[in-house]
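Below is one structure, written out as structure tokens, with a few remarks after it.
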Amino acid sequence: MKLAEHFNTFLADVVNLNQTRIDTLKSRVDAIVSTLEGFDVYSDILIDTIPQGSWAHRTIIKPTGSSGAFDADVVAFVDPHDEWTPADYIDHLYDQFKSHGTYADKVSRKTRCVTIQYAGEFSIDVVPCIRRSGFLETTEWILNRSDDVEEQTNPDGFTEWFLQRNTYVGSNQLIKIVRLLKYLRDVKLTFSAKSILLTTLLGERITWLDEYSDEFSDVPSSLRTVIKRLNVYLQERPDMPEIANPSLSSESFTRHWDQDKYTNFRSCINRYAEWIEDAYLEKDRDESIVKWRRVFGDDFAKSVTLAKAAGFSESKAEDVSHVVPPPWPVLQTGRITVTATLHSSKEGDFLGTYRSDGPALPADTWLNFKATHSFTNNVAIRWQVVNTGWAARIARCLRGGFDHNGSEIWEHTKYTGKHWVECFAVDLKRGVSLGRSGRFYVNIS
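Start counting the sequence shown at 93; every next residue gets the next number (the numbering used here).
What follows is the structure, given as structure tokens:
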């Protein structure tokens with residue numbers, strides 16, 4: 093089901109940055125620009141300032157991390173300074189803010205900008221950008237302090253390109269889809285893609301022909317359409333394509349990506365496309381909510397109490413009749429234990445360790461389970477993986493058999509509930525288990 097009303101509430105209450113914080117950001121930016129206009133050197137070369145990135149595209153989302161902070165970019169267009177190298181534009185701007193009483197303890201510098209940090213609120217990146225106006229064209233260049241070089245850019249051009257595509261589909265549907273995908277990225281932590289790259293990949297799925305399409309009538313329909321198109325594009329390209337700035341072909345947006353990150357992103361989008369299609373086509377309201385929550389987490393339709401969920405929690409959440417009994421008699425003659433680590437993807441970046449019955453994990457977390465034992469020869473490790481609860485039951489994905497062998501296994505969190513793995517050291521010749529680890533519980537939110 094579409095559940096369009098729940099998507100509207102989810103965006104308003106969970107995803108979107110609230111108006112108070114937007115107003116605070118604008119007032120802080122106005123103060124920074126006013127200060128910049130008064131700097132001795134910069135006041136002589138400053139041409140104009142504009143918002144850049146997510147702020148300009150109106151795709152900033154509510155922070156999902158523990159700090160509660162977000163960032164915004166401001167481009168400061170300047171005339172060339174005859175005596176400055178590219179690095180000087182950053183360094184002089186930093187020195188001016190550092191000597192200003194209001195910003196002395198808030199300012200730092202990066203490769204291409206100066207950052208003003210408001211602790212616990214947000215940071216504002218001020219990006220100097222040289223504008224050169226010629227007879228035939230005007231070019232713009234940001235400054236790379238580390239390499240002391242200029243890099244051509246076109247921030248206005250990209251913003252115009254993106255907002256034009258948003259106009260094609262109407263009702264700010266593209267803006268909403270970008271916000272949802274950024275939220276998915278930040279909450280799930282299953283893939284990494286800079287916002288400008290993600291925005292480009294989504295925007296490129298829209299053309300002027302969509303002005304006449306009925307596939308963007310509401311948020312879930314728009315999401316389904318764009319993700320289906322993106323998935324087709326990615327699955328046709330197993331090797332990482334070059335993604336350039338649509339308004340400046342020489343500027344690469346994949347310079348911070350590599351084949352491994354692309355492959356993981358491609359796999360994640362394929363999985364999410366399947367889940368979105370499943371949730372969209374589901375005819376039962378409660379089951380559709382469960383399936384949309386598989387995509388976006390339990391904050392989706394948070395105010396709704398599911399009749400089926402309540403029923404399962406009372407009568408079936410603890411039902412383990414599907415769990416297969418161990419097929420071997422257990423003769424405990426040694427020790428076998430299970431440890432687990434968290435990862436961004438299968439065989440991906442290490443995120444930390446996890447203890448049995450530890451804190452609830454979000455969906456789309458990868459765990460690597462390893463068995464350590466005291467046995468020597470002729471022992472095979474057999475794993476039992478069990479999930480329980482109404483979410484897995486509704487999805488018809490209960491597990492409880494012995495499907496894995498070997499000293500380690502990978503598992504991917506999907507369904508809310510308390511699940512477990514257990515491993516057995518089996519003497520295959522005698523047909524007995526010489527040890528069992530006991531249940532290693534995994535809680536999923």
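Glycine included, C-beta positions come from ideal geometry on N, C-alpha and C.
Small disclaimer: the values here were computed from a predicted structure and weren't measured.
Leaving out the 5 sequence neighbours to the left and right, which residues in its chain are closer than 8 Å to residue i when beta-carbon positions are compared?
i	result
residue 184	133, 134 and 176
residue 308	261, 262, 263, 265, 302, 314 and 317
residue 507	386, 455, 479, 481, 483, 484, 487, 489 and 536
residue 322	293, 294, 297, 361 and 365
residue 246	232, 337, 339, 340 and 343
residue 445	431, 432, 433 and 434
residue 390	508 and 537
Let me make sure I understand the geometry here. Which of the options has the alpha-carbon closest to that of residue i?
i	options	result
residue 274	315, 300, 238 and 253	315
residue 164	455, 434 and 143	143
residue 277	218, 378, 338 and 360	360
residue 251	503, 243 and 145	145
residue 413	492, 347 and 368	492
residue 439	457, 513 and 241	457
residue 515	496, 523, 470 and 505	496
residue 353	339, 331 and 368	331
residue 155	108, 509, 533 and 371	108
residue 149	444, 426, 271 and 329	271
residue 425	467, 434 and 388	467
residue 530	427, 285 and 388	427
residue 499	300, 473 and 167	473
residue 451	502, 437 and 510	510
residue 284	356, 190 and 501	356
residue 463	437, 433, 449 and 453	433
residue 192	212, 214, 127 and 217	127
residue 469	202, 520 and 180	520
Applying the 10 Å Cβ sphere with the 16-neighbour rule, what's the burial state of residue i?
i	result
residue 423	exposed
residue 406	With a pLDDT of 35 at residue 406, under the threshold of 50, the predicted position of this residue should be treated as unreliable, though the coordinate-derived value follows. Residue 406 is exposed by the Cβ-count criterion.
residue 81	Coverage of the chain is limited to positions 93 through 537, which leaves residue 81 absent and any answer about it impossible.
residue 312	buried
residue 104	exposed
residue 287	buried
residue 373	exposed
residue 224	exposed
residue 366	exposed
residue 383	buried
residue 139	exposed
residue 523	exposed
residue 419	exposed
residue 375	exposed
residue 347	exposed
residue 227	exposed
residue 327	exposed
residue 118	exposed
residue 333	exposed
residue 280	buried
residue 518	buried
I'd like to confirm something about residue i: is its beta-carbon nearer than 7 Å to some heavy atom of the ligand NAD, or not?
i	result
residue 418	Only the bare structure without any ligand can be found here, which leaves the ligand NAD out of the picture.
In the DSSP output, what is residue i paired with across the bridge?
i	result
residue 113	BP columns for residue 113 are empty, so no partner.
residue 352	Its beta-bridge partners do not exist; DSSP assigns none.
residue 168	141 and 220
residue 519	471 and 524
residue 340	337
residue 461	432 and 501
residue 496	475
residue 513	477 and 532
residue 244	233
residue 442	435
residue 108	153
residue 491	479
residue 453	536
residue 422	525
In chain order, what residues of the same chain have a beta carbon less than 7 Å from the beta carbon of residue i, not counting five sequence neighbours either side?
i	result
residue 137	170, 171 and 173
residue 269	294, 314, 315 and 318
residue 99	311 and 312
residue 370	383
residue 129	135 and 138
Which same chain residues, not among the five before or five after residue i, have their C-beta less than 6 Å away from its C-beta?
i	result
residue 131	188
residue 504	458
residue 221	167, 169, 232 and 234
residue 91	Limits of the chain in this structure are 93 at one end and 537 at the other, which puts residue 91 out of reach.
residue 141	125, 166 and 168
Would you please verify whether the beta carbon of residue i is less than 8 Å from any beta carbon of chain D?
i	result
residue 112	Of the protein chains in this structure there is only one, and it is not chain D.
Output the residue ranges of the beta strand (DSSP E) runs that lie fully inside the stretch 133-163 and measure 3 residues or longer, sorted by chain position. Uninterrupted beta strand (DSSP E) stretches at least 3 residues long and entirely within the stretch 133-163 occur at 138-144, given in chain order.
Considering only residues of the stretch 260-328, which uninterrupted alpha helix (DSSP H) runs meet the minimum length of 4 residues and lie entirely inside it, listed in chain order? Fully enclosed alpha helix (DSSP H) runs of 4 or longer: 265-280, 287-295 and 311-327.
In chain order, which continuous runs of the beta strand (DSSP E) of length 3 or greater are located wholly inside the stretch 167-242? 199-201, 206-210, 214-225 and 230-236
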